[in-house]
Amino acid sequence: MDVLSTMKVMLHGIERRADGLMCLTVAIGNESPRSYLASFDGSHDGCESSETDEELFFALSDLAFKRFGNCVVYQMEVMGILGAFDRGEQLPEMPVQLGTTSFCTLRPNLLRLAWNKFKVLLWRMGIYRPKSWIHPDYRNVE
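Structure (structure tokens):
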């Protein structure tokens, strides 16, 4: 079995439901396509957000981490596709494999991919543990 075929995500279609939510038909790995709900909010200039079913969100995060060493690659691509669908713009021909569309702007090059995987290896070995940044206002809770 090809390892990369189990990590591919195919988007088979998008349609808007009567309640305003979008229905994504997605096949993850070698599974048959399933429907997931999503929403998109682009009502504020310079700020867009989208929500997807929790199961799809975590599956996309996990697969992007395994493939690219970066959890948000597929998330941002799906948000771009949802935004284009919401605005009535041209979408890629369906079915389309995520990570290959023009909406995939965070796909790392080979050097970045190797660096991401190396950082994950160092993290697992306990060598690379960056400190989390916390906004100063939240450090002193009274």
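The sequence shown begins at 7 in the working numbering and counts up one residue at a time.
C-beta: ideal position from N, C-alpha, C; glycine also.
- By the criterion of a C-beta distance shorter than 7 Å, Asp92 is surrounded in its chain by Phe46, Gly48, once the five residues flanking it on both sides are discounted.
- Ranked by Cα distance from Asp25, the first of Ala44, Gly35, His18, Val84 is Ala44.
- Excluding sequence positions up to five before and after Glu57, its CB lies within less than 6 Å of the CB of Ser45, all in the same chain and listed in chain order.
- Within the same chain, Asp47 come within 7 Å of Ser55 by CB-CB distance, once the 5 residues on both sides are set aside.
- In this chain, the alpha helix (DSSP H) harbouring Tyr80 covers 79 to 93.
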